[in-house]
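Heads up: the structure comes next, in structure tokens.
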């Protein structure tokens, strides 16, 4: 089996597990919907603040629901003893990391794509002109978030606090991702100059490249047992 | 090392008293800001000491992963704790100085925000150490997290710089207009030296404490074995 084949085999395993249990994505999605709905209560109907706060709210929904998925990502591996099997299989540790990361990216992207229409309807947004740039921003931010999140999830699952540990570790580190994603989304909503939006996309890209590389390199130190 | 630390302590005591003299008597009062500017001589050196501390954490974390020497791990741990203390000093003195000069306690400017995020990252580091126990796994996790966090800091800084800025340019090696009165510069550099010395004193003391704690643990284990 080629290296790429191994990576996709692991991602496929996660997708298959999810397809059969439907645990993670359902919870992530309901949670994401709830965040969007609850934040709507903070504004008077038709308030102009809603539009200003919209990018922030959408990314709170995405990152918090992503956190739920990332937490699950290694918990069920450990609980069912699957992780030792993974480590014993003749696969490079880096491939395990990339496979898990791709799985997490797919989960998060699915939830985001399903939340987005609800968000557009409830906040009455005009996104149709720049749907493609928006999807690009969402995709890049998800990669950065999942890259660091997958590594930290493998750490958090082995600590005493498990679920509480991940947000404390992850949120400070992904500040550039959240900041760039929120501002790029806001720029699109206000139909700012594309160059300004692109500056944020560049930060997202830089973050993705740097952190996929670093997390890939350090993952083997986390799982050596 | 123990005698060394003791001498360092005495040197530090003299240095701190001299430092107070230089700050409050020798350096002139700033023209527009007045006496409140004196906080500058504590704020900036603390920031330098904090950055040094976090740099040491990252370097010794990487060394630990490569060499697996637990002494390196203890240095990272001790340095992270001290770094948090200095960062806290920076974050407390900053608003006290900012209120009279900028007329606001806090602004979301790159350096302020980055310092705050830095503080969160290393508090996360300490929480992680607390929640993993003392085995080698805890040391490994902490080292990986410290490296990722350290690489993150410049990216945090640049992303926030894109966002907004109000903090003054660095007065040392800044632009042409920036610059300090020579006596102020001397007081600043002296204070900087004292704070860095303070960092090393704390680091050595913390390492000694950690060593003593480990020796006690060994003794406890030996006693427990004998009693069995």
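Protein chains in written order, with the working numbering: chain A, 455 to 679; chain B, 314 to 541.
Cβ coordinates follow ideal geometry from the N, Cα and C atoms, glycine included.
Using a beta-carbon distance below 8 Å, is residue 419/B in contact with chain A?
no
Whole-number beta carbon distance between residue 565/A and residue 634/A, since they are thought to touch under 8 Å:
With 8 Å as the limit, residue 634/A and residue 565/A do not qualify as a contact, their Cβ atoms being about 20 Å apart.
Just verifying my parser: in three-state terms, what is the DSSP assignment at residue 343/B?
strand
Please decide whether residue 623/A counts as near chain B, where near means a Cβ-Cβ distance under 8 Å.
Yes, contact with chain B.
Should residue 488/B be flagged as near chain A, meaning a C-beta pair shorter than 8 Å?
Low local confidence applies: a pLDDT of 45 at residue 488/B is under 50, so the model's placement there is unreliable, and no value is given.
Backbone secondary structure at residue 418/B - three-state DSSP:
Of the three classes helix, strand and coil, the one that applies to residue 418/B here is coil, per DSSP.
The alpha helix (DSSP H) enclosing residue 612/A, as first and last residue numbers:
Under the DSSP assignment, residue 612/A falls outside any alpha helix (DSSP H); it carries neither an H nor an E label.
When the Cα atoms are used, what is the spatial distance from residue 379/B to residue 371/B?
13 Å
Closer than 7 Å, Cβ to any Cβ of chain A: which residues of the region 424-453 of chain B, in chain order?
Listed by position along the chain: 430, 433, 434, 437, 440, 441, 444, 445, 450, 453.
Relative to the C-alpha of residue 307/B, which candidate in 411/B, 327/B, 337/B has its C-alpha closest?
There is no way to answer for residue 307/B, as the model of chain B reaches only from 314 to 541.
Closest by C-alpha distance to residue 381/B, when choosing among 342/B, 316/B, 450/B
450/B
Pairwise C-alpha distance: residue 413/B and residue 375/B
For residue 375/B and residue 413/B, the distance between alpha carbons rounds to 42 Å.
Examine chain B for any beta-carbon lying closer than 8 Å to the beta-carbon of residue 660/A, and answer yes or no.
So, interface residue.
Can you pull the chain A residues whose beta carbon is under 8 Å from the beta carbon of residue 468/B, in chain order?
630, 657, 660, 661, 664
If we define contact as Cβ-Cβ less than 8 Å, is residue 536/A a contact residue for chain B?
no
Given a cut-off of 8 Å, decide if residue 520/A and residue 562/A are closer than it, judged by their beta-carbon atoms.
A Cβ-Cβ contact shorter than 8 Å links residue 562/A with residue 520/A.
Span of the alpha helix (DSSP H), counted from its first residue to its last, around residue 332/B:
315-334
Between the C-alpha atoms of residue 387/B and residue 575/A, what's the straight-line distance to the nearest angstrom?
Those two C-alpha atoms are separated by around 54 Å.
Backbone CA spacing between residue 315/B and residue 475/A [nearest angstrom]
Rounded to the nearest angstrom, the two C-alpha atoms are 60 Å apart.
Among residues of its own chain, excluding the 5 on either side of residue 356/B, which ones have a beta-carbon nearer than 7 Å to its beta-carbon?
Cβ neighbours of residue 356/B beyond the five flanking positions: 403, 406, 407, 410.
Taking only runs that begin and end inside the region 352-395 of chain B, name each unbroken alpha helix (DSSP H) of 4 or more residues, in chain order.
353-380
Could you list which residues in chain A have their beta carbon closer than 7 Å to that of residue 465/B, in chain order?
627
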